Every structure is written in C-alpha cells, then in structure tokens.
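Student: Quick one: structure below, then a few questions.
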Amino acid sequence: MGFLTGKKALIVGVASNRSIAWGIANAMHREGAELAFTYQNDKLRPRVEKFAHQLGSEIVLPCDVHSDEQIEAVFTQLADYWDGYDILVHSVAFAPREELEGMYLDSVTRQGFLMAHEISSYSFAALARSGRDMMAGRNGALITLSYIGSVRSMPGYNVMGLAKASLEANVRYLAQSLGPEGIRVNAISAGPIKTLAASGIKGLKIMQDFCEKSAPLGRGVTIDEVGNTAAFLCSDLASGITAEITYVDAGFNSVGISQRFIDD
Ligand code: NAD
Ligand code: 0WE
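Numbering-wise, the sequence shown is residues 9 to 272 according to the working numbering.
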C-alpha cells in the first residue's frame with residue numbers, strides 16, 4: 009500500500025511533462041494519492057486535461073493565481089468533487105523575462121518586482137488561505153518549490169531571487185499560522201532542471217554544468233527525485249517536519265570548492 013493512500017492532493021503548476029509539478033503528481037499518484045489539477049490559461053487546459061487523465065483524475069480547474077476570484081473559485085469547484093483535501097502542491101513562478109538576464113540593478117523595475125513577488129510568493133499564501141477550511145482536521149500538508157537563488161546571488165536570477173526569499177519566509181510564517189491546525193508547510197529547493205520555466209534562460213546550460221561538476225553526487229537532479237521528496241514531505245511519514253527548506257540538488261548547496269576542481 010502506498011504511503012499516500014487515502015490522501016487527496018491539489019496540484020498547481022503543471023504545464024508540460026517536464027514540469028516539476030508533473031514529477032510530483034506522478035510520485036504522489038504512485039503512492040496512492042487521488043489528484044486534482046489546475047491550469048493557468050486556456051492554452052494549457054487540453055494539455056493538463058490529458059495529463060490528469062493519465063493519472064486517473066477527472067478534476068481539472070482553471071486558476072491564474074493573478075486573480076483572487078479564480079483562486080477562491082478553485083476551492084468552491086473542488087468542493088463539488090471532494091469533501092476536503094490533504095495536500096497542496098504550489099509549483100508556480102513568474103517574473104518578466106527581461107528581468108532574468110544581466111545584472112539585477114540594471115533590470116529590476118517596480119512592476120517586475122511586484123509581479124515576481126505576487127505570482128511567485130503571495131500566491132502560496134492566497135491558495136493556503138482559500139483552501140484552509142477544506143483542509144481542516146486532516147493532517148494536511150503544503151509544499152512549494154524554491155531555488156538557491158533565494159539565499160545566494162546567481163547570475164541572471166535577479167528579482168526571482170528576492171521573490172524566492174519571500175517565498176521561503178512565507179513557508180515559515182504559514183507553518184506558524186497553520187501549525188495549530190496540524191497543517192505542515194515545507195519547501196523543496198531544487199537544483200536546476202530543464203523545464204519550460206528554465207528554457208530560453210541565458211547561460212542555463214553553463215550553470216547546470218557548473219552545478220553538476222560541483223555537487224557531491226557529480227550530477228543534476230530529475231523531476232522524479234523532486235517528486236519523491238515532495239511525496240514524502242506531504243505524507244504522514246514526515247509528521248514531525250514543518251517550516252523546512254529541503255534541498256534536492258545533489259548536494260550542491262553544501263559545497264565551497266569541489267574536490268573535483270583540485271583533482272581534474
Ligand atoms: P514549469 O514552466 O513547468 O512550471 C511553472 C508553472 O508556473 C507553469 O505550470 C505555469 O503555468 C505556472 N504559472 C506561471 N504563472 C502563473 C499564473 N499567473 N497563474 C498560475 N500558474 C502560473 O517550470 P518548473 O521548472 O516546473 O517550475 C515550477 C516551480 O519550480 C517554480 O516555482 C520554479 O521557480 C521552481 N524551480 C524550478 C527549478 C528549475 O530549474 N526548473 C529549480 C528550482 C525551483
Ligand atoms: O525559478 C526558476 C525560473 C522561474 C521563471 C522562469 C521564467 C521564464 C519565462 C520565472 N519567470 C519566468 N518568466 C518568463 O517569461 N528557475 C529556478 C529556473 C531558472 O531560471 C533562471 C535560472 C534558473 C535555474 C534564470 C536565471 C538564472 C538561472
């Protein structure tokens with residue numbers, strides 16, 4: 009029997025079969041969870057419907073996290089299918105593309121800053137709040153996705169780094185807010201993975217190669233590895249873990265200078 013048997017999970021952030029949210033959905037399905045999905049816009053709807061069917065789910069709801077109404081509506085619609093739910097997966101980020109290259113101070117704007125923080129951080133709290141009543145009394149768990157650019161400057165990550173720092177603080181404050189209700193809140197800080205959100209990013213390949221060379225495991229990570237960790241963190245196996253940022257990055261974050269740079 010899977011370790012998520014009997015759990016119901018809402019997955020926000022599937023856009024393709026490379027999406028981290030898709031890796032998480034697969035792992036949660038394998039461990040016995042029932043799934044529901046949201047899609048950002050009409051272009052993504054048929055794709056997400058197809059992915060949902062592959063994992064035995066008929067529940068596919070619109071949700072652009074820019075809209076308070078759509079966030080509220082997700083849970084009124086979800087209540088038509090489920091009495092409650094146990095797991096929220098938040099796998100969403102956005103900043104204007106022009107702000108994800110070059111030097112931070114040359115590219116940051118008030119509008120880009122607000123957009124990045126709203127879509128990539130505030131939306132986690134907004135979804136948590138709207139879904140709160142449906143999660144009452146069932147050992148719920150929330151999970152979001154971060155990146156090491158929250159705590160170290162990374163070339164070109166720029167305003168997204170600030171938004172991820174906010175998201176990680178959001179994890180700690182949501183954990184404090186929801187702890188009394190038995191709801192746990194965690195993040196996974198993933199190593200770089202070639203998804204839609206990472207495509208077209210200048211220098212991504214170079215950064216991936218650098219991470220692979222530096223990481224103790226000497227390689228990158230996959231959406232399945234992130235998925236397995238997310239499934240664990242949202243399961244009762246992780247009942248003592250909340251407000252934590254767990255790195256799934258082959259150990260990259262722990263290294264000063266890799267031994268490989270001495271040996272090679
Ligand atoms: P992805 O493009 O597959 O997923 C990003 C998702 O964000 C898409 O499904 C998109 O529809 C959604 N989104 C963007 N704006 C939205 C909005 N206004 N409303 C609703 N949804 C919106 O890419 P991914 O790499 O799987 O990204 C998922 C998460 O993982 C992001 O938070 C990202 O920052 C994080 N992350 C990615 C990497 C990486 O290297 N790919 C590393 C660490 C963390
Ligand atoms: O969080 C991310 C990327 C999130 C993202 C991606 C895009 C591309 C399309 C946010 N907004 C947008 N806006 C768009 O218009 N990652 C962790 C992947 C990523 O992005 C980088 C990276 C890495 C790694 C940007 C610069 C440097 C490294």
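Just so it is clear, CB atoms sit at the ideal spot from N, CA and C, and this is done for glycine as well.
Source: prediction; values computed, not measured.
Keeping to the same chain, check which residues put their C-beta closer than 6 Å to that of A171; ignore five residues upstream and five downstream.
Tutor: Result list for A171: A124, H125, S128, S129, in chain order.
Student: Write down every uninterrupted run of the alpha helix (DSSP H) in the segment 10-62 whose length is 4 residues or greater and which is fully enclosed by it, in chain order.
Tutor: The segment 10-62 contains these whole alpha helix (DSSP H) runs: 28-38, 53-62.
Student: Would you call the CB atoms of I249 and N194 closer than 8 Å?
Tutor: Yes, these two residues count as a Cβ contact at 8 Å.
Student: For the alpha helix (DSSP H) containing L153, list its first residue and its last residue.
Tutor: No alpha helix (DSSP H) contains L153, which is instead part of the beta strand (DSSP E) from 149-154.
Student: Can you confirm whether the segment 254-270 touches the segment 44-56 when touching is taken to mean that 3 or more C-beta pairs between the two stretches lie within less than 8 Å?
Tutor: Judged by Cβ distances under 8 Å, the segment 44-56 makes no contact with the segment 254-270, as fewer than three pairs qualify.
Student: For A198, count neighbouring Cβ atoms within 10 angstroms of its own Cβ and tell me buried if that reaches 16, exposed if not.
Tutor: So A198 counts as buried.
Student: Between the beta-carbon of I209 and the beta-carbon of G264, is there less than 8 Å?
Tutor: It is not a contact, given that the beta carbons lie outside the stated cut-off.
Student: What's the call for S207, buried or exposed, on a 16-neighbour Cβ count within 10 Å?
Tutor: Per the 10 Å Cβ criterion, exposed.
Student: Can you tell me where the beta strand (DSSP E) with A198 in it begins and where it stops?
Tutor: Note, A198: beta strand (DSSP E), 192-198.
Student: What is the DSSP secondary structure of P70, reduced to helix, strand or coil?
Tutor: In this structure, P70 counts as strand in the three-state DSSP scheme.
Student: Please report the distance separating the alpha-carbon of L153 from that of D141.
Tutor: Whole-angstrom Cα-Cα distance: 23 Å.
Student: Between the alpha carbons of P188 and L150, how many angstroms are there, rounded?
Tutor: Cα-Cα distance, rounded: 14 Å.
Student: Kindly give me the distance between the Cβ atoms of V100 and S131, rounded to whole angstroms, as I take these residues to be in contact under 8 Å.
Tutor: Their Cβ separation, rounded to whole angstroms, is 6 Å, which keeps V100 and S131 in contact under 8 Å.
Student: Contact between the segment 27-35 and the segment 223-238 is defined here as three or more beta-carbon pairs at a separation below 8 Å; is this criterion met?
Tutor: Output reads yes: the segment 223-238 touches the segment 27-35.
Student: Are C71 and V116 closer than 8 Å when you measure CB to CB?
Tutor: Taking 8 Å as the Cβ cut-off, C71 and V116 do not qualify as a contacting pair.
Student: Any residues whose CB sits closer than 5 Å to a heavy atom of the ligand 0WE? List them in chain order?
Tutor: Cβ-based neighbours of the ligand 0WE within the cut-off: A101, F102, A103, R105, L108, Y155, G164, Y165, P200, A205, A206, I209.
Student: Identify every residue that forms a DSSP beta bridge with H98.
Tutor: In DSSP, H98 forms a bridge with V20, T152.
Student: Please give the ranges of any alpha helix (DSSP H) in the segment 154-190, keeping only runs that are unbroken, at least 4 residues long and fully inside the region.
Tutor: Listed in chain order, they are 167-186.
Student: Among residues of its own chain, excluding the 5 on either side of I270, which ones have a beta-carbon nearer than 8 Å to its beta-carbon?
Tutor: Within the same chain, I270 has no close Cβ partners at all.
Student: Which ranges does the alpha helix (DSSP H) cover as unbroken runs of at least 4 residues, wholly within the segment 188-264, from first to last along the chain?
Tutor: List check, alpha helix (DSSP H) in window: 212-222, 231-241.
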